[in-house]
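Below is one structure, written out as structure tokens; the observations come after it.
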Amino acid sequence: MQNARLIRKSELSDDTTDFAFEILEGRFSGLEAGAHVDVHLSNDVIRQYSVWSWSLDGRVLNVGVKREDAGRGGSVAMHALEVGATVEIGGPRNHFKLQSGDRYVTLIAGGIGATPLVAMARELLISGRAFQVIYLVRTRGLAAMDAKFRALGLDQWYRLHCDDTDGQLNFSDVLHSLPVDSDVYTCGPEPMLKAVLDAGTVMRGGTIHFERFSPASEVDQREAESFEVELTSTGALYQIGADDTILEVLRTNGVPIDFGCSEGICGSCIVDVAEGEVDHRDGILTPEEQATNSYMCTCVSRAKNKRLVLDL
1 MQNARLIRKS
11 ELSDDTTDFA
21 FEILEGRFSG
31 LEAGAHVDVH
41 LSNDVIRQYS
51 VWSWSLDGRV
61 LNVGVKREDA
71 GRGGSVAMHA
81 LEVGATVEIG
91 GPRNHFKLQS
101 GDRYVTLIAG
111 GIGATPLVAM
121 ARELLISGRA
131 FQVIYLVRTR
141 GLAAMDAKFR
151 ALGLDQWYRL
161 HCDDTDGQLN
171 FSDVLHSLPV
181 DSDVYTCGPE
191 PMLKAVLDAG
201 TVMRGGTIHF
211 ERFSPASEVD
221 QREAESFEVE
231 LTSTGALYQI
241 GADDTILEVL
251 RTNGVPIDFG
261 CSEGICGSCI
271 VDVAEGEVDH
281 RDGILTPEEQ
291 ATNSYMCTCV
301 SRAKNKRLVL
311 DL
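Using the numbering used here, read the sequence shown as starting at 1 and increasing by one per residue.
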């Protein structure tokens, strides 16, 4: 955890502001494309924001935040910060890494989900890789990161798509037109992510990498049952009731686990699994990662059987 001061606020669009934070001592480590930080606000509110830019010396980082008055209060609290305010910042951490290699890359950004993809576009440009960027917004006035993409000089490799003037984008057409074994990185609202993932069946090889900023809706309706968790370090057993989470029970019993969103979308509380079958309910691990059964998000995921053994 680092203390940082808000040194600059800049309006990016009608509803989105850029926040530049400077660390008070030392430097931020782990700043890279796809990384996010935990910003600790008042009243124990913690919110995760993707880092879209940072200084070469690692002392300053920038996050873009969309104000949502009907949200859970985090964005409102962020927008209420005045220049000079000091906050605690955790991380950075990265579960949305840009993979190395020479595959053709397509970045598909939706709304404020463009923030990590600006950093990815910059890295791809510097490394000389072939790529394109598609940025989707409802109207041009909400295209908060449009100027940041254009400042990179992407020219014909950048496309701004405004729903009100361009209609609905056909993701199947986009993904079918990609070169064989392409990589797609996408971040944005859940309906857009679902549309991209559904269209992925027409791709000719390659992988879709994605990051959510809201919980996956399809996991919310499952019934929960009680089970027990064992820790490898002590052999201690903890009962997890139907209305409990592993994170809550372990922290209540003095077991230290990092946490952030508590909704399965930031990855702060991921732990290794030694034994047992996980009922994954997060929105951050890919299906391939979930299938390994090697780790889990303790804030939302549960056990499919009566016991999980965690490597804690």
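Glycine included, C-beta positions come from ideal geometry on N, C-alpha and C.
- CA-to-CA, the gap between residue 174 and residue 251 works out to about 45 Å.
- Between residue 176 and residue 134, the C-beta gap is not smaller than 8 Å, which leaves the two residues out of contact.
- Shortest Cα-Cα distance from residue 6 to any of 21, 14, 209, 13 involves 21.
- In terms of Cα proximity to residue 91, the closest of 199, 288, 4, 295 is 4.
- Rounded to whole angstroms, the gap between the alpha carbons of residue 110 and residue 237 is 43 Å.
- In this chain, the beta strand (DSSP E) harbouring residue 272 covers 270-275.
- Per DSSP, the continuous alpha helix (DSSP H) segment holding residue 290 begins and ends at 287-292.
- The bridge partners DSSP lists for residue 132 are 106.
- Going by beta carbons, residue 64 and residue 52 fall inside the 8 Å limit.
- Closest by C-alpha distance to residue 83, out of 181, 113, 10, is 10.
- The beta carbon of residue 300 sits closer than 6 Å to those of 264, 281, 282, all from its chain and outside the five residues before and after it, given in chain order.
- With respect to the 8 Å criterion, residue 285 and residue 269 are not classified as neighbours on the basis of their beta carbons.
- Contact between residue 260 and residue 46 holds: their C-beta atoms lie close to 5 Å from each other, under 8 Å.
- For residue 20, the enclosing beta strand (DSSP E) begins and ends at 16-23.
- Annotated as proximal: residue 308 and residue 227, with beta-carbon spacing under 8 Å.
- Residue environment analysis places residue 140 among the exposed positions, since fewer than 16 neighbouring C-beta atoms fall within 10 angstroms of its C-beta.
- Runs of the beta strand (DSSP E) lying entirely within the region 201-252, each at least 3 residues long, are 207-211, 227-231, 237-240 in chain order.
- Two segments are said to touch when three or more pairs of C-beta atoms, one from each, lie closer than 8 Å; by this definition the region 118-125 does not touch the region 21-30.
- Going by C-alpha positions, residue 181 is about 12 Å away from residue 202.
- Here the alpha carbon of residue 279 sits roughly 29 Å from the alpha carbon of residue 108.
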